[in-house]
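Beneath this line is the structure, given in structure tokens, with notes to follow.
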Ligand SMILES: [Zn+2]
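Numbering (this note's numbering), first residue to last: 5 to 255.
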């Protein structure tokens, strides 16, 4: 081997090592986004996941040693204050459906996994709705230490509602804090603008999550803006191989 070849090999090895060190330190994290669940085999709504499919996904995560994060763990990672296991995911569920409590939470407990529900505050008042009531939320806090409840706004989960001025958005956040006191937020329909980001910052929110595919549908990177955290939407028509692929791909 001549000198030139040796130098080239050294450079290549150094570059690969640098890439690996960088990748392990700043690895992309899959933030999985769910909504509701059903026992029906053929869910008519793609955002309502068949519960056996969900269990299959949890089983995969468990058997392959995935670590399910808490919101604070993810935040500390984003702040550079915490290292995360190589295989880390955050499980999130939007809106606060009763089916989360009836079907998903027992499975999460069975597999000893953490998850977050982004709850719509206004639903505490609704009787006989598909959403968890305030009594159920209280039960969740007692029965499921592995489940965190965070904010999906009090009453902004309506077409165009986030286009209101900052005063109105602040008012909404105040009302929400009386129901759920959390500094983590998921944008209704994943939509956001400068106004709502300003309010989140002024009110010291730590992280805010968006949603694909209209905005972003990819893994979260260390350098992502704390108020634009992307998620991977998990739909009912997603076969297990595709779920696994999404976990393994770096984006
Ligand atoms: Zn929602």
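We put the CB at the ideal spot given by N, CA and C, even for glycine.
Contacting residues, own chain, Cβ-Cβ under 6 Å from residue i (five flanking each side not counted)
{"i": "residue 259", "result": "No information on residue 259 is available, as it lies outside the stretch 5 to 255 that the chain covers here."}
{"i": "residue 95", "result": "36, 72 and 119"}
{"i": "residue 61", "result": "247"}
{"i": "residue 125", "result": "158, 180 and 183"}
{"i": "residue 199", "result": "170"}
{"i": "residue 225", "result": "32"}
Same chain, Cβ closer than 7 Å to residue i, neighbours up to 5 away in sequence not counted
{"i": "residue 187", "result": "208, 209 and 210"}
{"i": "residue 153", "result": "121, 123, 141, 144, 184 and 186"}
{"i": "residue 201", "result": "231"}
Through-space distance from residue j to residue i, alpha-carbon basis
{"i": "residue 149", "j": "residue 197", "result": "33 Å"}
{"i": "residue 327", "j": "residue 105", "result": "In the structure displayed, the chain extends from 5 to 255; residue 327 sits before or after that span and is not available."}
{"i": "residue 237", "j": "residue 222", "result": "9 Å"}
{"i": "residue 128", "j": "residue 137", "result": "5 Å"}
{"i": "residue 144", "j": "residue 182", "result": "17 Å"}
{"i": "residue 133", "j": "residue 163", "result": "20 Å"}
{"i": "residue 15", "j": "residue 84", "result": "29 Å"}
{"i": "residue 243", "j": "residue 135", "result": "27 Å"}
{"i": "residue 93", "j": "residue 21", "result": "25 Å"}
{"i": "residue 193", "j": "residue 228", "result": "19 Å"}
{"i": "residue 235", "j": "residue 17", "result": "33 Å"}
{"i": "residue 68", "j": "residue 156", "result": "31 Å"}
{"i": "residue 160", "j": "residue 130", "result": "16 Å"}
{"i": "residue 5", "j": "residue 19", "result": "20 Å"}
{"i": "residue 24", "j": "residue 167", "result": "42 Å"}
{"i": "residue 91", "j": "residue 75", "result": "16 Å"}
{"i": "residue 80", "j": "residue 86", "result": "5 Å"}
{"i": "residue 8", "j": "residue 253", "result": "35 Å"}
{"i": "residue 26", "j": "residue 111", "result": "35 Å"}
{"i": "residue 114", "j": "residue 147", "result": "13 Å"}
{"i": "residue 231", "j": "residue 28", "result": "23 Å"}
{"i": "residue 101", "j": "residue 89", "result": "30 Å"}
{"i": "residue 11", "j": "residue 45", "result": "60 Å"}
{"i": "residue 215", "j": "residue 78", "result": "17 Å"}
Contact belief for residue i with residue j at Cβ below 8 Å, rounded distance in angstroms
{"i": "residue 174", "j": "residue 203", "result": "5 Å"}
{"i": "residue 98", "j": "residue 122", "result": "5 Å"}
{"i": "residue 258", "j": "residue 40", "result": "For the chain, the structure presents residues 5 to 255; residue 258 sits outside this window and is missing."}
{"i": "residue 177", "j": "residue 191", "result": "Actually they are not in contact, since the Cβ atoms of residue 177 and residue 191 sit about 13 Å apart, beyond 8 Å."}
{"i": "residue 251", "j": "residue 34", "result": "6 Å"}
Same chain, Cβ closer than 8 Å to residue i, neighbours up to 5 away in sequence not counted
{"i": "residue 240", "result": "47, 49, 50, 51, 52, 53, 54 and 57"}
{"i": "residue 108", "result": "38, 41, 55, 58, 97 and 119"}
{"i": "residue 117", "result": "62, 65, 66, 72, 95 and 150"}
{"i": "residue 255", "result": "32, 222 and 223"}
{"i": "residue 258", "result": "A query on residue 258 cannot be resolved here, the shown segment of the chain reaching from 5 to 255 and no further."}
Listed in chain order, which residues are found with a beta carbon closer than 5 Å to a heavy atom of ligand 1? Matched residues: 98 and 99.
Inside the stretch 123 to 176 only - alpha helix (DSSP H) runs reaching at least 4 residues: 138 to 147
At what residue ranges does the stretch 50 to 124 contain a whole run of the beta strand (DSSP E), taking only runs of 3 or more? Whole beta strand (DSSP E) segments, 3+ residues: 52 to 54, 92 to 99 and 119 to 123.
Residue ranges of each alpha helix (DSSP H) within the stretch 170 to 247, 4 or longer: 170 to 183 and 198 to 206
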